[in-house]
Amino acid sequence: PAPALLADVPDGQPVWDEEVFGPVVCLRAVPDLDAAFETANASRYGLHAAVFTRGLDTAFRALEELEAGGVVVNEVPGYRCDVAPYGGVKDSGIGREGPRFAIEELTVTKMAVIRP
(Lines of atoms letter the chains of each structure in order from A and count residues from 1; the text may use other names and numbers.)
(Lines give C-alpha, C1' and ligand atoms only; values in the text may rest on other atoms or scores of the structure.)
Protein backbone atom coordinates (compact mmCIF):
# COMPACT_ATOMS: atom_id res chain seq x y z
CA PRO A 1 0.00 0.00 0.00
CA ALA A 2 1.01 3.60 -0.52
CA PRO A 3 2.16 5.55 2.54
CA ALA A 4 -0.49 7.69 4.24
CA LEU A 5 0.06 10.96 6.09
CA LEU A 6 -2.94 11.93 8.23
CA ALA A 7 -3.19 15.35 9.87
CA ASP A 8 -5.23 16.41 12.90
CA VAL A 9 -6.65 12.96 13.65
CA PRO A 10 -8.84 13.30 16.77
CA ASP A 11 -8.70 11.05 19.81
CA GLY A 12 -11.07 8.13 19.55
CA GLN A 13 -10.23 7.29 15.94
CA PRO A 14 -8.80 3.78 15.52
CA VAL A 15 -5.90 5.03 13.42
CA TRP A 16 -4.89 7.31 16.34
CA ASP A 17 -5.78 5.04 19.27
CA GLU A 18 -4.70 1.63 17.98
CA GLU A 19 -1.33 0.23 16.96
CA VAL A 20 -1.08 0.53 13.17
CA PHE A 21 1.33 -1.75 11.32
CA GLY A 22 1.68 -0.11 7.96
CA PRO A 23 2.99 2.97 6.22
CA VAL A 24 0.85 5.42 8.21
CA VAL A 25 1.88 8.58 10.05
CA CYS A 26 -0.55 10.64 12.11
CA LEU A 27 0.42 14.26 12.69
CA ARG A 28 -0.92 16.52 15.40
CA ALA A 29 0.30 19.99 16.29
CA VAL A 30 1.20 20.49 19.95
CA PRO A 31 2.34 23.68 21.67
CA ASP A 32 5.66 22.43 23.05
CA LEU A 33 7.88 19.46 23.84
CA ASP A 34 6.12 18.75 27.14
CA ALA A 35 2.82 18.37 25.29
CA ALA A 36 4.47 16.21 22.63
CA PHE A 37 5.80 13.77 25.23
CA GLU A 38 2.50 13.81 27.11
CA THR A 39 0.60 13.03 23.89
CA ALA A 40 2.97 10.21 22.97
CA ASN A 41 2.87 8.70 26.46
CA ALA A 42 -0.95 8.83 26.58
CA SER A 43 -1.02 5.90 24.16
CA ARG A 44 -1.59 2.44 25.60
CA TYR A 45 1.10 1.24 23.20
CA GLY A 46 4.83 1.75 23.29
CA LEU A 47 6.80 -0.22 20.72
CA HIS A 48 9.20 2.43 19.42
CA ALA A 49 9.34 6.20 19.34
CA ALA A 50 11.32 8.59 17.17
CA VAL A 51 12.47 12.14 17.78
CA PHE A 52 14.03 14.39 15.20
CA THR A 53 16.15 17.13 16.77
CA ARG A 54 19.43 18.98 16.56
CA GLY A 55 19.57 19.36 20.34
CA LEU A 56 21.40 16.74 22.36
CA ASP A 57 19.46 17.85 25.45
CA THR A 58 16.18 17.11 23.66
CA ALA A 59 17.50 13.73 22.51
CA PHE A 60 18.45 12.68 26.03
CA ARG A 61 15.18 13.99 27.43
CA ALA A 62 13.28 11.88 24.88
CA LEU A 63 15.29 8.81 25.87
CA GLU A 64 14.43 9.44 29.51
CA GLU A 65 10.78 10.45 29.26
CA LEU A 66 9.20 8.61 26.33
CA GLU A 67 7.44 5.42 27.41
CA ALA A 68 8.56 3.11 24.61
CA GLY A 69 10.58 -0.06 24.22
CA GLY A 70 13.02 1.88 22.07
CA VAL A 71 13.67 5.51 21.27
CA VAL A 72 15.59 6.46 18.14
CA VAL A 73 16.89 9.93 17.44
CA ASN A 74 16.97 11.30 13.90
CA GLU A 75 15.91 7.95 12.42
CA VAL A 76 12.60 6.26 11.72
CA PRO A 77 11.09 4.29 14.63
CA GLY A 78 11.35 1.03 12.69
CA TYR A 79 15.15 1.10 12.95
CA ARG A 80 16.44 -2.13 14.38
CA CYS A 81 19.85 -3.47 15.36
CA ASP A 82 19.70 -7.26 15.58
CA VAL A 83 22.21 -7.54 18.43
CA ALA A 84 20.26 -5.13 20.63
CA PRO A 85 17.06 -5.86 22.56
CA TYR A 86 13.91 -5.08 20.58
CA GLY A 87 10.41 -4.97 22.00
CA GLY A 88 7.71 -2.79 23.43
CA VAL A 89 6.18 -1.67 26.69
CA LYS A 90 2.57 -1.27 27.78
CA ASP A 91 0.32 -3.21 25.37
CA SER A 92 2.99 -3.49 22.65
CA GLY A 93 4.66 -6.81 22.06
CA ILE A 94 5.14 -9.83 24.27
CA GLY A 95 8.62 -9.27 25.64
CA ARG A 96 12.00 -8.66 24.07
CA GLU A 97 13.75 -10.09 21.04
CA GLY A 98 17.48 -10.32 20.45
CA PRO A 99 20.26 -12.87 21.01
CA ARG A 100 20.28 -12.81 24.82
CA PHE A 101 16.50 -12.95 25.01
CA ALA A 102 16.30 -15.75 22.42
CA ILE A 103 18.75 -17.84 24.45
CA GLU A 104 16.69 -17.27 27.60
CA GLU A 105 13.48 -18.14 25.75
CA LEU A 106 14.94 -21.42 24.47
CA THR A 107 16.54 -22.45 27.76
CA VAL A 108 14.96 -24.49 30.51
CA THR A 109 16.49 -23.79 33.89
CA LYS A 110 16.57 -26.91 36.00
CA MET A 111 18.13 -27.80 39.31
CA ALA A 112 19.70 -31.23 39.60
CA VAL A 113 20.77 -32.98 42.80
CA ILE A 114 22.74 -36.21 42.59
CA ARG A 115 23.74 -38.04 45.71
CA PRO A 116 26.48 -40.65 45.25
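For reference, each letter of the sequence shown is one residue, going 412 to 527 in the working numbering. Each residue gets a CB set at the ideal place from its N, CA and C atoms; glycine is no exception. Treat the numbers as computed from the prediction; the structure is a model and nothing was measured.
### Query
Pick from Leu467, Val426, Val431, Arg472: whose alpha carbon is nearest that of Ala447?
Arg472
### Task
Give me the Cβ distance between Gly481 and His459, rounded to the nearest whole Å; I'm assuming they're in contact under 8 Å.
4 Å
### Query
First and last residue of the beta strand (DSSP E) that includes Ala460?
459–462
### Query
Between which two residues does the alpha helix (DSSP H) harbouring Ala415 extend?
That residue, Ala415, is in no alpha helix (DSSP H); its beta strand (DSSP E) goes 415–418.
### Task
Enumerate in chain order the residues of its own chain whose CB-to-CB distance from Thr469 is below 6 Å, with the five nearest sequence positions on each side excluded.
none
### Spatial neighbours of Thr450 in its chain, beta-carbon cut-off 7 Å, leaving aside the 5 residues before and after
Arg439, Val441
### Query
Enumerated in chain order, which unbroken segments of the alpha helix (DSSP H) with a length of 4 residues or greater are wholly contained in the region 422–448?
425–428
### Message
Along the chain, where does the beta strand (DSSP E) containing Gly481 start, and where does it finish?
### Response
481–484
### Task
Within its chain, find whatever has a CB closer than 7 Å to the CB of Val483; leave out the 5 residues flanking it on each side and keep chain order.
His459, Ala461, Tyr490
### Query
Among residues of its own chain, excluding the 5 on either side of Ala479, which ones have a beta-carbon nearer than 6 Å to its beta-carbon?
Gly457, His459, Ala460
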